[in-house]
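Chemist: Every letter in the sequence shown is one number past the one before it in the working numbering, and letter 135, counting from 1, is 137.
Heads up, the beta-carbon is just placed ideally off N, CA and C, and yes, glycines get one too.
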Amino acid sequence: MATESAICVATVLVLFPVFAALVRLIYVLPALQVKLATPSNSQLRGHVMILLGSGGHTGEMCRILQQLNFERLSLTWLVSTGDTTSLEKAQMLEESKGHSPKNSTYITLKRARKVGQSLKLSVLTTLASIASTFQKLVHLQLYPDVLIINGPGTCVPVAYVLFLFKYVGLCRTRIVYIESLARVNELSLSGRLVLPVCDRFIVQWEPLAMRYKRAEYYGILV
Numbered sequence: 003m004a005t006e007s008a009i010c011v012a013t014v015l016v017l018f019p020v021f022a023a024l025v026r027l028i029y030v031l032p033a034l035q036v037k038l039a040t041p042s043n044s045q046l047r048g049h050v051m052i053l054l055g056s057g058g059h060t061g062e063m064c065r066i067l068q069q070l071n072f073e074r075l076s077l078t079w080l081v082s083t084g085d086t087t088s089l090e091k092a093q094m095l096e097e098s099k100g101h102s103p104k105n106s107t108y109i110t111l112k113r114a115r116k117v118g119q120s121l122k123l124s125v126l127t128t129l130a131s132i133a134s135t136f137q138k139l140v141h142l143q144l145y146p147d148v149l150i151i152n153g154p155g156t157c158v159p160v161a162y163v164l165f166l167f168k169y170v171g172l173c174r175t176r177i178v179y180i181e182s183l184a185r186v187n188e189l190s191l192s193g194r195l196v197l198p199v200c201d202r203f204i205v206q207w208e209p210l211a212m213r214y215k216r217a218e219y220y221g222i223l224v
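#1: Mind checking if Tyr-220 is an interface residue toward chain B, Cβ cutoff 8 angstroms exclusive?
#2: Just mark Arg-26 as buried or exposed, buried being the case when its beta carbon has 16 or more other beta carbons within 10 Å.
#3: Return the CA-CA distance between Val-50 and Gly-171, expressed in angstroms with no decimal places.
#4: Rounding to the nearest angstrom, what Cα-Cα distance links Glu-218 and Tyr-179 in this structure?
#5: Rounded to the nearest angstrom, what separates Thr-60 and Phe-203 at their Cα positions?
#6: When you compare each of Gly-221, Thr-110, Val-158, Lys-168 to Leu-197 by their alpha carbons, which one comes out closest?
#7: May I ask you to report which of helix, strand or coil DSSP gives Ser-88?
#8: What residues match up with Ile-222 in a beta bridge as DSSP calls it?
#9: If you run the structure through DSSP and keep just helix, strand and coil, what is Gly-48?
#10: Which residues does DSSP list as the beta-bridge partners of Trp-79?
#11: By the 10 Å Cβ neighbour count, where 16 or more other Cβ atoms means buried, how is Lys-122 classified, buried or exposed?
#12: Can you list, in chain order, the residues of its chain whose CB lies under 8 angstroms from that of Asn-43, leaving out five sequence neighbours each side?
#13: Whole angstroms is fine: what's the gap from Tyr-220's alpha carbon to Leu-191's?
#14: Around the C-beta of Leu-126, are 16 or more other C-beta atoms found within 10 angstroms, so that it is buried, or is it exposed?
#15: For the beta strand (DSSP E) containing Phe-167, list its first residue and its last residue.
#16: Does Ala-217 come out as helix, strand or coil in the three-state DSSP assignment?
#17: Put Phe-203 into one of helix, strand or coil per three-state DSSP.
#18: Might you give, ordered along the chain, the residues of its own chain that have their beta carbon closer than 6 angstroms to the beta carbon of Ser-76, omitting 5 neighbours on each side?
#19: If I'm right that Thr-110 touches Thr-83 with Cβ under 8 angstroms, what's the distance once you round it to whole angstroms?
#20: Is DSSP giving Leu-210 helix, strand or coil here?
#21: Let me check understanding here. Comparing Cα to Cα, which of Gly-55, Ala-211, Leu-80, Ala-23 lies closest to Leu-139?
#22: Considering Arg-185, what are the terminal residues of the beta strand (DSSP E) in which it resides?
#23: Taking buried to mean at least 16 other C-beta atoms within 10 Å of its own C-beta, is Lys-215 buried or exposed?
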């Protein structure tokens with residue numbers, strides 16, 4: 003009898019944390035939640051983190067951000083190591099918006115994958131990017147209210163690290179992904195990877211919105 007009681011207690015002690023972890027995951031995982039109404043541009047305020055993914059990704063992001071009112075925002079810009087062009091574009095955009103540099107922070111992250119890189123090397127560089135991203139973000143004094151990303155691969159570690167922080171209760175960051183204009187019928191690999199953890203997933207072509215249940219379509223944004 004004592005043995006059976008001990009087994010029951012041990013089973014409860016093992017299963018309860020697992021059950022609690024699953025309940026927490028269901029609570030915070032956006033893919034399992036009801037879609038909420040989109041806040042208007044005038045309501046967006048607080049701390050916004052933006053990843054500039056270099057090249058065309060940076061160009062699209064800057065054109066999207068032209069529509070945003072920077073007045074109420076403190077901004078954190080994420081750029082890949084060595085990507086001085088994206089950093090300059092962020093600063094130029096802020097200047098054109100009259101945004102004070104005192105309300106901005108710039109963070110450099112290791113690239114998850116270089117153009118033309120083999121799959122084997124991509125695994126190694128992605129792991130290094132995850133470690134770098136975790137190290138940089140865990141030391142933030144203030145976590146963002148919103149993260150805006152549009153690819154490429156470097157956005158994946160950023161999204162999942164912040165989702166991990168949200169899971170353990172460190173932040174309440176809402177993750178917004180905007181798919182590239184070049185994606186008409188198929189999501190990018192980055193898009194497919196971050197879809198489960200994104201609070202909002204925006205596409206720029208209607209066929210994508212019809213194909214993917216959680217995708218939102220508001221026309222071409224760039």
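Modeler: The relevant details are as follows:
#1: Absence of chain B from the displayed structure is noted, only one protein chain being present.
#2: Counting from one through the sequence shown, the residue named residue 26 turns up at place 24. By the 10 Å Cβ count, Arg-26 comes out exposed.
#3: Residue 50 sits at position 48 when you count from the first residue of the sequence shown. Residue 171 sits at position 169 when you count from the first residue of the sequence shown. Answer to the nearest angstrom: the Cα atoms are 18 angstroms apart.
#4: As a first step, residue 218 must be located in the sequence shown, where it is residue number 216. As a first step, residue 179 must be located in the sequence shown, where it is residue number 177. Approximately 10 angstroms, taken between the alpha carbons.
#5: If you number the sequence shown from 1, residue 60 lands on position 58. If you number the sequence shown from 1, residue 203 lands on position 201. Roughly 18 angstroms between the two C-alpha positions.
#6: In the sequence shown, the residue the question calls residue 197 occupies position 195. It is Val-158 whose Cα lies nearest to the Cα of Leu-197.
#7: As a working mapping, residue 88 is identified with position 86 in the sequence shown. Looking at Ser-88 - three-state DSSP - the assignment turns out to be helix.
#8: As a position in the sequence shown, residue 222 is number 220, starting the count at 1. Looking at the DSSP assignment, Ile-222 forms no beta bridge with any residue, so it has no partner.
#9: Walking along the sequence shown from the start, residue 48 turns up at place 46. Three-state result, Gly-48: strand.
#10: Taking the first residue of the sequence shown as 1, we reach residue 79 at position 77. In DSSP, Trp-79 forms a bridge with Ile-52, Tyr-108.
#11: Along the sequence shown, read from residue 1 onward, the residue named residue 122 stands at position 120. Classification of Lys-122: exposed, given that the 10 Å Cβ count is below 16.
#12: Start at 1 with the first residue of the sequence shown, and residue 43 comes out as number 41. Only weak support exists for where Asn-43 lies, its pLDDT of 46 falling under 50; the value from the coordinates is given anyway. Same-chain partners within the cutoff: Gln-69, Leu-70, Asn-71.
#13: For the purposes of this step, residue 220 is taken as residue 218 along the sequence shown, with counting starting at 1. For the purposes of this step, residue 191 is taken as residue 189 along the sequence shown, with counting starting at 1. Roughly 22 angstroms between the two C-alpha positions.
#14: Along the sequence shown, one-based indexing puts residue 126 at 124. Result: exposed.
#15: The residue given as residue 167 occupies position 165 in the sequence shown. First-last for Phe-167: 157-169, but that is the alpha helix (DSSP H), not the beta strand (DSSP E).
#16: If you number the sequence shown from 1, residue 217 lands on position 215. DSSP, reduced to helix, strand and coil, places Ala-217 within a strand of the structure shown.
#17: In the sequence shown, the residue the question calls residue 203 occupies position 201. Phe-203: strand per DSSP, three-state reduction.
#18: Residue mapping note: residue 76 aligns to position 74 of the sequence shown, counting from 1. Cβ neighbours of Ser-76 beyond the five flanking positions: His-49, Asn-105.
#19: Position 108 of the sequence shown, counting from 1, holds the residue named residue 110. Position 81 of the sequence shown, counting from 1, holds the residue named residue 83. Correct: roughly 5 angstroms between the Cβ atoms.
#20: The residue you call residue 210 lines up with position 208 of the sequence shown. Note: Leu-210 maps to helix in three-state DSSP.
#21: Reading the sequence shown from its first residue, position 137 is the one you call residue 139. It is Leu-80.
#22: Within the sequence shown, residue 185 is the residue found at index 183, counting from 1. That residue, Arg-185, is in no beta strand (DSSP E); it is neither H nor E in DSSP.
#23: Within the sequence shown, residue 215 is the residue found at index 213, counting from 1. By the beta-carbon neighbour count (other beta carbons within 10 angstroms, threshold 16), Lys-215 is exposed.
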